Amino acid sequence: MRISTFGYVGKQGVKNIWRNKMFSLASIATMSACIFLFGLFFSILVNFQYIIKSAEEGVAITVFFNDDATEEQKKEIGEQLESRDDVSEVKYVSADDAWAEFQKEYFGDNPELAEGFKDDNPLAGSDNYEVYMKTVKGDDKDLIAKSKSLSATQQDLVKFAQSLDGVRQVNKSDVVANTLSSVNMLVAYVSIAIIAILLGVSIFLISNTVTTGITVRKEEIAIMKYIGAKDFVVRSPFVIEGLIIGLFGAVIPLALLYFLYDKAVVYIMEKFSILKNIITFLPVGNVYIYLLPIGLAMGIGIGFLGSYFTVRKHLRV
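Numbering (the UniProt record's numbering), first residue to last: 1 to 317.
What follows is the structure in structure tokens.
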């Protein structure tokens, strides 16, 4: 196959797009909407998984002591908690440390609100152990199974802590991780449904665009077939047309999402400042390591499939 043949095929593919500008633009717009939504939901999902993983690493129980518990009892409680295989860290928090952390977290921007307490510590007697659990190993995709395993392990740890002498109360903090896991699955199902519909519409529009191009060039194709043009020369321009539409339909939304991602994160953090101390978003580079190749493959793949099967159906060479 000569280089000039490839050049001809490429030029004809571009000309086909120009001849059917309205259909081509409609196909690119729909494809862009599809890839944009995919990228949006993908970004949300990977951030949810990152936040959930961070939340799981921070899942802890807080062990409070009886008022009459001695320092020796508190030390023994800590040693017994540290001896468990499912515990990664046991941290002692004094009442003064707890009050200082409370002021920092809730009165950070308005320290004057805490002046009314003066030297009084409203959290006196609240010294405790923060017991952090080891992260559950397994596939990050199986969030439900991991969440259940984590919850079961935490329940065992709570029962163990409650059985220790000198323990007054045990609080657990798995609500955030479990809630995020549920929301993550809901977003995933909604994403799949919407993207599946848009993918179908994209393939339909590309098919219509290619069909229109075949109809417009009907006489030209007949002449080419009459003089013995090869299948590749006749069919390839339409496949090239689909590939170009798919490429543009992927590049445009991916570029748009790239520039909007950081702005969206900054806006969310400024609008909901309370989230700064709770969650952290992934950098755009970490998201695009996966999103860029997947998005390009989707666009080019849809463009190829939509045009290839249309050519096979309507263009018998």
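Beta carbons are placed, not taken as given, at the ideal position from N, Cα and C, and that holds for glycine. Bear in mind that the values here come from a model prediction, so they are computed numbers and not experimental data.
- Task: Just confirm the distance between the C-beta atoms of serine 126 and alanine 98, as a whole number of angstroms; I'd bet it's less than 8 Å.
- Result: For serine 126 against alanine 98, the beta-carbon gap comes to about 5 Å, under 8 Å, which counts as contact.
- Query: Where DSSP assigns a beta bridge to isoleucine 195, which residues make up the other side?
  - Reply: Answer by DSSP bridge pairing: none, since isoleucine 195 is not bridged.
- Query: Quick one: Cα of isoleucine 300 to Cα of leucine 186, how far?
  - Reply: Pairing isoleucine 300 with leucine 186, the inter-Cα distance amounts to about 28 Å.
- Query: DSSP on asparagine 66, reduced to helix/strand/coil?
  - Reply: Coil, per DSSP.
- Query: Using a Cβ-Cβ cut-off of 6 Å (strictly less than) and excluding sequence neighbours within five positions of glycine 78, which residues of its own chain qualify?
  - Reply: Taking glycine 78 as the centre and dropping the five residues before and after it, the same chain places the C-beta of Val90, Tyr129 closer than 6 Å to its C-beta, in chain order.
- Message: Assuming contact is defined by CB atoms lying nearer than 8 Å, are tyrosine 50 and leucine 282 in contact in what I supplied?
- Response: yes
- Candidates Val87, Ser307, Glu72, Ala188: closest to glutamate 241 by CA position: Ser307
- Taking the alpha-carbon positions, what's the lysine 141 to tyrosine 189 distance? Caution is warranted here: a pLDDT of 48 is assigned to lysine 141, below 50, making its placement in the model unreliable, and no coordinate value can be reported.
- Where the alpha helix (DSSP H) through lysine 75 begins and ends: 71 to 82
- Task: Return the CA-CA distance between aspartate 85 and glutamine 154, expressed in angstroms with no decimal places.
- Result: 12 Å
- Tell me, please, which residues DSSP counts as bridged to alanine 60. Under DSSP, alanine 60 forms a beta bridge with Tyr132.
- Following the continuous beta strand (DSSP E) through asparagine 171, name the residue where it begins and the one where it ends. 167 to 172
- Query: Do three or more CB pairs link the stretch 264 to 272 to the stretch 195 to 203 at distances below 8 Å?
  - Reply: no
- Just curious, the beta strand (DSSP E) that serine 88 is in, first and last residue? 87 to 93
- Task: Apply the 10 Å Cβ neighbour rule to serine 207 and answer buried if 16 or more other Cβ atoms are within range, or exposed otherwise.
- Result: By the neighbour-count criterion, in which a residue is buried when 16 or more other Cβ atoms sit within 10 angstroms of its Cβ, serine 207 is buried.
- Query: Exposed or buried, which one is residue 329 when buried takes at least 16 other CB atoms within 10 Å?
  - Reply: The chain is shown only over 1 to 317; residue 329 falls outside these bounds and no answer can be derived.
- Query: For the putative contact between isoleucine 268 and leucine 37, defined by C-beta atoms under 8 Å, what is the C-beta separation to the nearest angstrom?
  - Reply: Incorrect: roughly 19 Å between the Cβ atoms, too far for contact.
- Is it right to say asparagine 171 is buried, meaning 16 or more other beta carbons lie within 10 angstroms of its own, or is it exposed? exposed
- Who are the near neighbours of valine 87 in its chain, counting only those whose CB is closer than 8 Å to its CB and skipping five residues on each side? Leu81, Val131, Tyr132, Met133, Lys134, Leu157
- Using the rule of at least 16 other Cβ atoms within 10 Å of the residue's Cβ for burial, across every protein chain shown, is serine 94 buried or exposed? exposed
- Three-state secondary structure (DSSP) at lysine 237? In the sequence on display, residue 237 carries proline and not lysine. Reduced to three states, the DSSP call for proline 237 is helix.
- Where aspartate 127 sits in the DSSP three-state scheme: In this structure, aspartate 127 counts as coil in the three-state DSSP scheme.
- Item | aspartate 139 to threonine 211 span [Cα, whole Å] | Interpretation of aspartate 139 is limited by its pLDDT of 47, a score under 50 that renders its predicted location unreliable; the figure taken from the coordinates is listed afterwards. C-alpha separation (whole angstroms): 44 Å.
- Query: Which of the three DSSP states, helix, strand or coil, is assigned to leucine 143?
  - Reply: With a pLDDT of 49 at leucine 143, under the threshold of 50, the predicted position of this residue should be treated as unreliable, though the coordinate-derived value follows. Helix.
- Task: Just the C-alpha distance for phenylalanine 48 and leucine 40, rounded to the nearest angstrom, thanks.
- Result: Phenylalanine 48 and leucine 40: Cα-Cα distance of roughly 12 Å.
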